[in-house]
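Under the working numbering, think of the first position of the sequence shown as 162, with each following residue one higher.
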Amino acid sequence: EQRRAGLSEPIHMSDGISHNAPKEGSPSVIAADCLVHARRYFVKLLDVFPERCQYVLELFGRVYANEAYTKRQEMTPAERLTFHQLESRPVLEELRRRMEADLKESRVEENSALGKAYRYMLKRWEGLTVFLRVEGAELDNNAIERQLKKAILNRKNAYFNRSNRGALVGDIYMSLIYTCELNGGSPFDYLNQLQVHASDLAANPSAWMPWTYLETLKRMALSENPTEALPRAA
Numbered sequence: 162e163q164r165r166a167g168l169s170e171p172i173h174m175s176d177g178i179s180h181n182a183p184k185e186g187s188p189s190v191i192a193a194d195c196l197v198h199a200r201r202y203f204v205k206l207l208d209v210f211p212e213r214c215q216y217v218l219e220l221f222g223r224v225y226a227n228e229a230y231t232k233r234q235e236m237t238p239a240e241r242l243t244f245h246q247l248e249s250r251p252v253l254e255e256l257r258r259r260m261e262a263d264l265k266e267s268r269v270e271e272n273s274a275l276g277k278a279y280r281y282m283l284k285r286w287e288g289l290t291v292f293l294r295v296e297g298a299e300l301d302n303n304a305i306e307r308q309l310k311k312a313i314l315n316r317k318n319a320y321f322n323r324s325n326r327g328a329l330v331g332d333i334y335m336s337l338i339y340t341c342e343l344n345g346g347s348p349f350d351y352l353n354q355l356q357v358h359a360s361d362l363a364a365n366p367s368a369w370m371p372w373t374y375l376e377t378l379k380r381m382a383l384s385e386n387p388t389e390a391l392p393r394a395a
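See below:
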């Protein structure tokens, strides 16, 4: 409700459990499901149904290889979408036909563990394949879950704080450290630079955010050595 006007609908991705789905009456979103959660069922059943699970996992592998290729090529969201439509959609459609045929022809018992894994995917097919229709949609929510683990680890460590103030300081450090990591910086270097330039930080905090401090250091280095900014003679 507070997003800027004109933006496309946000993508809401979850693990497919009903209580994690968008709530009725909530702002409109694009509902997506996580492919990794679907894949996990087949990993767990690999020893029980090796042939069919290996087949499914190989197809998942091809889709993720395509995703890795889009990142190596630094494709735009539009280019990535087109690439997945050309390369990944046929792979997933093959998987869908195979699962539907296995269930229909009773090659896989519907109430077996493998049958339930099939039905999990087929029931959520539209949500699992949003990345084939929407620019920028992810295959899974692993990145978000990795972020959540930082908070969970900090919560565990917070048991050893001796005061509310100590817990607050721990929360601040967690936020600074992980935000710095997400912006490609070194948390150790960042926290040291904040101490070294404490007076500058107090005067201009926005210049010392995890996503701005490296540029600030470059500007300071150039102001101290202005000749470095001049073109060198051939």
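Every residue, glycine too, gets a C-beta built ideally from N, C-alpha and C.
No experiment lies behind these values; they were computed from the predicted model shown.
Roughly how many angstroms lie between the CA atoms of residue i and residue j, to the nearest whole one?
i	j	result
residue 347	residue 371	9 angstroms
residue 290	residue 249	10 angstroms
residue 311	residue 333	12 angstroms
residue 180	residue 243	32 angstroms
residue 377	residue 340	17 angstroms
residue 220	residue 252	6 angstroms
residue 383	residue 375	13 angstroms
residue 315	residue 305	16 angstroms
residue 226	residue 217	14 angstroms
residue 354	residue 327	22 angstroms
residue 337	residue 373	12 angstroms
residue 123	residue 183	With the chain covering 162 to 395 only, the question about residue 123 has no answer from this structure.
Which of helix, strand or coil does DSSP assign to residue i?
i	result
residue 178	coil
residue 394	Interpretation of residue 394 is limited by its pLDDT of 48, a score under 50 that renders its predicted location unreliable; no figure is taken from the coordinates.
residue 384	helix
residue 262	helix
residue 280	helix
residue 269	coil
Looking only at C-alpha atoms, which of the options sits nearest to residue i?
i	options	result
residue 296	286, 314 and 231	231
residue 224	255, 208 and 237	255
residue 228	292, 285 and 356	292
residue 192	280, 207, 176 and 263	176
Are the C-beta atoms of residue i and some chain B residue less than 9 angstroms apart?
i	result
residue 345	The structure shown has no chain B; it contains just one protein chain.
Three-pair Cβ contact test at 8 angstroms for the stretch 180-200 versus the stretch 289-305: yes
At least 3 beta-carbon pairs within less than 8 angstroms: the stretch 315-326 vs the stretch 265-280: no
Length at least 3, wholly inside the stretch 172-247: the beta strand (DSSP E) runs in chain order: 172-175 and 191-194
Three or more C-beta pairs below 8 angstroms linking the stretch 229-246 and the stretch 164-171: no
Complete runs of the alpha helix (DSSP H) confined to the stretch 299-371 [at least 4 residues]: 303-318, 325-343, 348-357 and 359-364
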